[in-house]
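Each protein sequence line maps, in turn, to chains A and B. Under the working numbering, the first residue of the first sequence is numbered 1, with each subsequent residue one higher. Under the working numbering, the first residue of the second sequence is numbered 87, with each subsequent residue one higher. The C-beta atom is built at its ideal place from N, Cα and C for all residues, glycine as well. As the structure is a prediction and not an experimental result, all values here were calculated from the model. Presented below is the structure to which this report refers.
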Amino acid sequence: MQKEKIIELVNEVFVEDFEMDPAHLTPEAHIFSELGLDSLDVVDLVVALQKKFNVSIRDDERIRNIRTLKDIYDFIESLDNEISSK
Amino acid sequence: MVFRFQTILLNLVFYSLFFIVSTAVIPTLTLVGMVLFPFGSWRKTLARVRTLIKVYGRVVLALGWPFIRVYAERKGGPVPRPCIYICNHRSSSDGFLAAMLPGEGVQVVNVWPFKLPVLGFFARLAGYLSIREMTASEFMQRSEKLLAQGVSIVAFPEGTRSGSQEMGPFHSTLFRLALKTGAPIVPVCLSGNEKTPPKGSGVLHPARIRVRTLTAVTQEDYAGMTPFKLKILVRDRIVAELKIMESIQ
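Pasting the structure below:
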């Protein structure tokens with residue numbers, strides 16, 4: 001999947017499930033301090049991402065390191081690469 | 087110079103009176119509670135404990151007069167009860183300011199208020215919810231039970247004092263509770279309290295503190311919303327109202 005497509009789909013999750021203004025969705029936006037998510041919202045985010053990308057990421061340890069939107073884009077991209085290479 | 091003198095006088099008078107009043111009022115209120123204990127159920131006893139805590143809170147708030155004046159204000163209709171009070175959090179005095187809110191209530195606290203001598207014991211006795219000492223499901227269960235009993239929940243969803251006029255992001259647990267129970271949310275603006283005392287200090291500064299309840303956000307208003315959307319809506323209302331309150335001070 002193209003990186004642009006990943007960015008578009010991840011941003012769609014934030015707009016559709018969290019009703020966020022697309023203008024706030026910059027790659028460097030911190031999901032906790034700037035976008036206002038907390039640990040419970042991250043659980044909702046994971047569920048929404050699983051649904052959007054049809055993947056299972058709930059138990060993926062890398063989720064713990066996610067801080068910014070760019071981290072999510074990179075995480076989904078690496079996940080996509082892993083699936084493609086299998 | 088005058089302000090500095092006022093600050094010194096305020097702290098001398100307040101802390102002396104706080105010590106004297108606490109050593110007199112707490113045992114007196116405890117005695118009142120013990121005398122009334124045989125009359126009525128455990129539920130009634132808890133209600134009395136919460137009322138007595140509120141009385142103590144109001145007495146403490148009055149000790150700073152005339153340098154610290156606290157005003158309860160209401161914007162919008164009557165406050166529904168029970169409800170979930172959502173307050174901004176600037177100072178360690180906010181727990182006392184909750185005494186200005188109508189109705190029987192318990193506060194959601196971090197661990198530290200439970201560790202305070204004497205006060206911690208009464209907070210635990212009154213059923214205050216130490217959110218870091220319980221699981222999310224236990225918190226939900228206990229809060230649901232309290233709301234069903236007609237007891238309001240008073241919460242500071244920033245989780246920590248901001249120490250300034252800025253407001254931190256909200257945690258979503260209380261909003262999940264509202265969505266689960268259908269309880270109305272009453273946004274509360276605490277203004278003028280950021281230096282009573284400032285974060286990291288015990289020195290009180292003269293202030294005019296306002297505790298303003300806003301129009302409740304009811305189940306009808308938040309039906310179909312996600313917890314995230316609801317917390318942003320309530321936070322935005324508090325931010326907007328504080329801006330109004332502080333621009334005309």
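Can a CB atom of chain A be found closer than 8 Å to the CB of I318 of chain B? Your numbering for residue 318 of chain B matches position 232 in the second sequence. Yes, contact with chain A.
Looking at the structure shown, is G191 of chain B part of a helix, part of a strand, or coil, going by DSSP? For the purposes of this step, residue 191 of chain B is identified with residue 105 of the second sequence, where counting begins at 1. G191 of chain B: strand per DSSP, three-state reduction.
Close beta carbons around S287 of chain B, own chain, < 7 Å, minus the five adjacent residues each side: Position 201 of the second sequence holds residue 287 of chain B. Excluding positions up to five away in sequence, the list is empty.
Note the first and the last residue of the continuous alpha helix (DSSP H) segment covering V15 of chain A. Against the first sequence, residue 15 of chain A aligns to sequence position 15. Note, V15 of chain A: alpha helix (DSSP H), K3 to F18.
Contact check, V274 of chain B vs T299 of chain B, beta carbons under 8 Å: Start at 1 with the first residue of the second sequence, and residue 274 of chain B comes out as number 188. Start at 1 with the first residue of the second sequence, and residue 299 of chain B comes out as number 213. Against a cut-off of 8 Å, the Cβ pair of T299 of chain B and V274 of chain B comes out as a contact.
Closest by C-alpha distance to D307 of chain B, when choosing among B:A264, B:N196, B:G278 and B:P284: What you label residue 307 of chain B is simply residue 221 of the second sequence in a count that begins at 1. Nearest of B:A264, B:N196, B:G278 and B:P284 to D307 of chain B, Cα basis: B:A264.
Same chain, Cβ closer than 8 Å to P313 of chain B, five either side skipped, listed in chain order: As a first step, residue 313 of chain B is located in the second sequence; it is residue number 227 there, counting from the start. Closer than 8 Å at Cβ, skipping near neighbours: S258, F261, R262 and L265.
With distances taken Cα to Cα, identify the nearest neighbour of E219 of chain B among B:N196, B:S229, B:F182 and B:A241. Looking up residue 219 of chain B in the second sequence gives position 133. Residue nearest to E219 of chain B within the set B:N196, B:S229, B:F182 and B:A241 is B:N196 (criterion: CA-CA distance).
With a threshold of 16 other CB atoms inside 10 Å of the CB of T282 of chain B, please say whether the residue is buried or exposed. Your numbering for residue 282 of chain B matches position 196 in the second sequence. Buried, since its Cβ has 16 or more Cβ neighbours within 10 Å.
Near D38 of chain A, what residues of its chain come up, given a Cβ to Cβ distance below 8 Å and the 5 sequence neighbours on each side ignored? On the first sequence, position 38 is the one that residue 38 of chain A refers to. Setting aside the 5 residues that flank it on each side, D38 of chain A is surrounded in the same chain by F32, each with a C-beta closer than 8 Å to its C-beta; the list follows chain order.
Ignore the nearest five residues each way along the sequence and tell me which others in V325 of chain B's own chain have a CB closer than 7 Å to its CB. To locate residue 325 of chain B, count along the second sequence from 1; it is residue 239. Cβ-Cβ distances below 7 Å link V325 of chain B to M253 in the same chain, with the five nearest sequence neighbours on each side left out; the list follows chain order.
Using a cut-off of 8 Å between C-beta atoms, extract the partners of L40 of chain A located in chain B. Within the first sequence, numbered from 1, the residue matching residue 40 of chain A stands at position 40. Going along chain B in sequence order, the residues near L40 of chain A (Cβ under 8 Å) are A222, H257, S258, T259, R262 and P313.
Which runs of the alpha helix (DSSP H) spanning at least 4 residues fall entirely within the region 140 to 200 of chain B, listed in chain order? 180 to 183
Of all Cβ atoms in chain B, is any one closer than 8 Å to the Cβ of D21 of chain A? In the first sequence, residue 21 of chain A corresponds to position 21, counting from 1. Output row for D21 of chain A: interface = no.
Nearest-angstrom Cα separation, counted from E19 of chain A out to L319 of chain B: Locating residue 319 of chain B in the second sequence gives position 233, counting from the first residue. Locating residue 19 of chain A in the first sequence gives position 19, counting from the first residue. If you take the alpha carbons of L319 of chain B and E19 of chain A, they lie about 11 Å apart.
Quick one: using the 10 Å Cβ neighbour count with 16 as the cut-off for buried, is K3 of chain A buried or exposed? Reading the first sequence from its first residue, position 3 is the one you call residue 3 of chain A. With fewer than 16 Cβ atoms within 10 Å of its Cβ, K3 of chain A is classed as exposed.
Any beta carbon from chain B within less than 8 Å of D17 of chain A's own beta carbon? Numbered from 1 along the first sequence, position 17 holds the residue referred to as residue 17 of chain A. Yes, D17 of chain A counts as interfacial toward chain B.
Inter-stretch contact (C-beta, 8 Å, three-pair minimum) for the region 200 to 211 of chain B and the region 226 to 235 of chain B: no
Given that a residue counts as buried once 16 or more other Cβ atoms are within 10 Å of its Cβ, and exposed if not, what is A241 of chain B? One-based indexing of the second sequence puts residue 241 of chain B at position 155. Counting Cβ neighbours within 10 Å, A241 of chain B comes out buried, since at least 16 surround it.
What do you reckon, are the CB atoms on F270 of chain B and V303 of chain B nearer than 8 Å? To locate residue 270 of chain B, count along the second sequence from 1; it is residue 184. To locate residue 303 of chain B, count along the second sequence from 1; it is residue 217. The identity of residue 270 of chain B in the sequence shown is Pro, whereas the question assumes Phe. Yes; because the gap between Cβ atoms is below 8 Å, this pair is in contact.
Nearest chain B C-beta to D44 of chain A closer than 8 Å, yes or no? Start at 1 with the first residue of the first sequence, and residue 44 of chain A comes out as number 44. It does: the Cβ of D44 of chain A has a partner Cβ on chain B nearer than 8 Å.
Any idea what DSSP makes of R298 of chain B, helix, strand or coil? Stepping through the second sequence from its first residue, residue 298 of chain B is reached at position 212. R298 of chain B: strand per DSSP, three-state reduction.
Can you give me the Cβ contacts of G206 of chain B inside the same chain, cut-off strictly under 8 Å, excluding the 5 residues immediately before and after it? Residue numbering aside, residue 206 of chain B sits at position 120 when the second sequence is read from its first letter. Hits under 8 Å: P199 and F200.
Members of the region 74 to 85 of chain A near chain B, C-beta cut-off 9 Å: Shown here is that no member of the region 74 to 85 of chain A has a Cβ falling below 9 Å from a Cβ of chain B.
For L328 of chain B versus S277 of chain B, is the C-beta spacing smaller than 8 Å? In the second sequence, counting from the first residue as 1, residue 328 of chain B sits at position 242. In the second sequence, counting from the first residue as 1, residue 277 of chain B sits at position 191. Their beta carbons are under 8 Å apart, which means L328 of chain B touches S277 of chain B by this criterion.
Tell me which same chain residues have a C-beta within less than 8 Å of the C-beta of L96 of chain B, skipping the five on either side of it? Here residue 96 of chain B refers to the residue found at position 10 when the second sequence is read from its first residue. So the qualifying residues of the chain are G150, F153, I154, L290, H291 and P292.
Extent of the continuous alpha helix (DSSP H) to which S85 of chain A belongs: Residue mapping note: residue 85 of chain A aligns to position 85 of the first sequence, counting from 1. S85 of chain A -> alpha helix (DSSP H) spans L69 to S85.
Measuring only between beta-carbons, confirm whether S56 of chain A sits less than 8 Å from chain B. Residue mapping note: residue 56 of chain A aligns to position 56 of the first sequence, counting from 1. False, the Cβ-Cβ gap to chain B never drops below 8 Å.
Please name the residue in A:H30, A:L45, A:E28 and A:S56 whose C-alpha comes closest to that of V15 of chain A. By 1-based counting over the first sequence, the position of residue 15 of chain A is 15. Among A:H30, A:L45, A:E28 and A:S56, the Cα nearest to that of V15 of chain A is on A:L45.
Using only the alpha-carbon positions, how far apart do S102 of chain B and T109 of chain B sit? As a working mapping, residue 102 of chain B is identified with position 16 in the second sequence. As a working mapping, residue 109 of chain B is identified with position 23 in the second sequence. Computed Cα separation, rounded: 11 Å.
Do you know whose CA, among B:Q193, B:E230 and B:K231, lies nearest L215 of chain B's CA? Here residue 215 of chain B refers to the residue found at position 129 when the second sequence is read from its first residue. Cα-wise, what sits closest to L215 of chain B is B:Q193.
Mind listing which residues of the region 24 to 37 of chain A have their C-beta closer than 8 Å to chain B's C-betas, in chain order? F32, S33, G36 and L37
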